[in-house]
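Novice:
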């Protein structure tokens with residue numbers, strides 16, 4: 010599987026521009042909750058001007074997060090203040106988990122194309138229920154003692170692009186990837202289409218879309 014890695018200056022590289030101009034479906038691999046990816050994601054979407062954008066998030070998750078995000082974040086900050094907890098890297102990551110994923114927020118805020126959540130609802134119900142239950146003083150205190158390196162995932166992406174690492178695959182991920190690929194194929198009647206999701210799903214998704222798509226990793 011050929012994967013194109015782009016940086017913030019991709020639009021000034023004539024070879025990259027030419028390659029991109031020949032494609033109609035783009036499967037973007039992001040690192041979830043990594044702030045550095047946000048500006049380049051905006052730039053890529055504005056450059057492509059897609060007819061439709063799909064995102065690795067379920068309709069259920071979008072709906073619940075809209076209702077609960079402010080409540081969750083308020084509770085999070087109240088616990089930090091009451092327990093006098095410093096915002097460690099692990100807690101900062103947890104805070105970002107409570108927020109609407111930037112991949113969906115940016116696609117919506119740009120308002121350049123319909124944005125369609127294409128992930129399964131059932132796993133999101135379980136995940137978000139567990140997430141809400143984890144928002145307790147005891148759990149946040151535990152997180153303050155846990156090491157967390159936000160750059161670790163970037164290292165794994167580097168190894169992945171070199172062919173030295175493959176993300177673990179389980180039946181649950183395969184089910185999600187098959188489902189998302191079917192949705193993408195249906196929506197791809199309108200082109201160009203950009204799908205935004207985690208880089209760990211690139212191989213699985215493009216295996217279903219290999220005839221029509223190109224995989225791109227954001228740095």
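Residue numbers (our numbering): 10 to 228.
The C-beta atom is built at its ideal place from N, Cα and C for all residues, glycine as well.
These figures come from a predicted structure and were not determined experimentally.
Which residue comes first and which comes last in the beta strand (DSSP E) that contains residue 36?
Specialist: Locating residue 36 in the chain shown gives position 27, where the first residue counts as 1. Its beta strand (DSSP E) spans residues 34 to 39.
Novice: Which same chain residues, not among the five before or five after residue 97, have their C-beta less than 6 angstroms away from its C-beta?
Specialist: Here residue 97 corresponds to residue number 88 of the chain shown, with the count starting at 1. Shown here for residue 97: same chain residues with a beta carbon closer than 6 angstroms to its own, the five before and five after excluded, namely 153 in chain order.
Novice: Given a cut-off of 8 angstroms on the beta-carbon distance, is the pair residue 37 and residue 204 in contact?
Specialist: Along the chain shown, read from residue 1 onward, the residue named residue 37 stands at position 28. Along the chain shown, read from residue 1 onward, the residue named residue 204 stands at position 195. In this structure, residue 204 lies closer than 8 angstroms to residue 37 by Cβ.
Novice: Can you tell me whether residue 114 is helix, strand or coil according to DSSP?
Specialist: Taking the chain shown and counting its residues from 1, one reaches residue 114 at position 105. Correct three-state label for residue 114: helix.
Novice: Does the stretch 38 to 48 come into contact with the stretch 175 to 193, if we say contact requires no fewer than three beta-carbon pairs (one atom in each stretch) closer than 8 angstroms?
Specialist: no
Novice: Hey, out of 164, 99, 150, whose CA is closest to residue 156's CA?
Specialist: Mapped onto the chain shown, residue 156 falls at position 147. When each option's Cα is compared against that of residue 156, the closest is 99.
Novice: Counting Cβ pairs, one atom from each stretch, are 3 or more of them under 8 angstroms apart for the stretch 78 to 86 and the stretch 100 to 110?
Specialist: yes
Novice: Would you kindly report the start and end of the unbroken alpha helix (DSSP H) that includes residue 224?
Specialist: In the chain shown, residue 224 corresponds to position 215, counting from 1. That residue, residue 224, is in no alpha helix (DSSP H); its beta strand (DSSP E) goes 222 to 226.
Novice: Three-state secondary structure (DSSP) at residue 59?
Specialist: As a working mapping, residue 59 is identified with position 50 in the chain shown. Residue state, collapsed to three classes: coil.
Novice: Please go through the same chain and pick out, in chain order, the residues whose beta-carbon is closer than 8 angstroms to the beta-carbon of residue 26, but skip the five residues on each side of it.
Specialist: Locating residue 26 in the chain shown gives position 17, counting from the first residue. The answer, listed in chain order, is 19, 20.
Novice: Going by beta carbon distance, what residues of the same chain come within less than 7 angstroms of residue 117, once the five residues before and after it are set aside?
Specialist: Position 108 of the chain shown, counted from the first residue, corresponds to residue 117. Closer than 7 angstroms at the Cβ level, and outside the excluded window around residue 117, lie 124.
Novice: Nearest to residue 145 by alpha carbon, out of 173, 162, 191, 84?
Specialist: The residue labelled residue 145 in the question sits at position 136 within the chain shown. The shortest Cα separation from residue 145 among 173, 162, 191, 84 belongs to 84.
Novice: Would you mind working out which of 62, 158, 189, 70 sits nearest residue 200, comparing C-alpha positions?
Specialist: Counting from one through the chain shown, the residue named residue 200 turns up at place 191. Of the listed residues, the one whose Cα sits closest to residue 200 is 62.
Novice: Could you check the C-alpha separation between residue 32 and residue 193 for me, to the nearest Å?
Specialist: In the chain shown, the residue the question calls residue 32 occupies position 23. In the chain shown, the residue the question calls residue 193 occupies position 184. Each residue's Cα considered, the two are about 15 angstroms apart.
Novice: DSSP three-state call for residue 201: helix, strand or coil?
Specialist: Mapped onto the chain shown, residue 201 falls at position 192. Residue 201 falls in the coil class under three-state DSSP.
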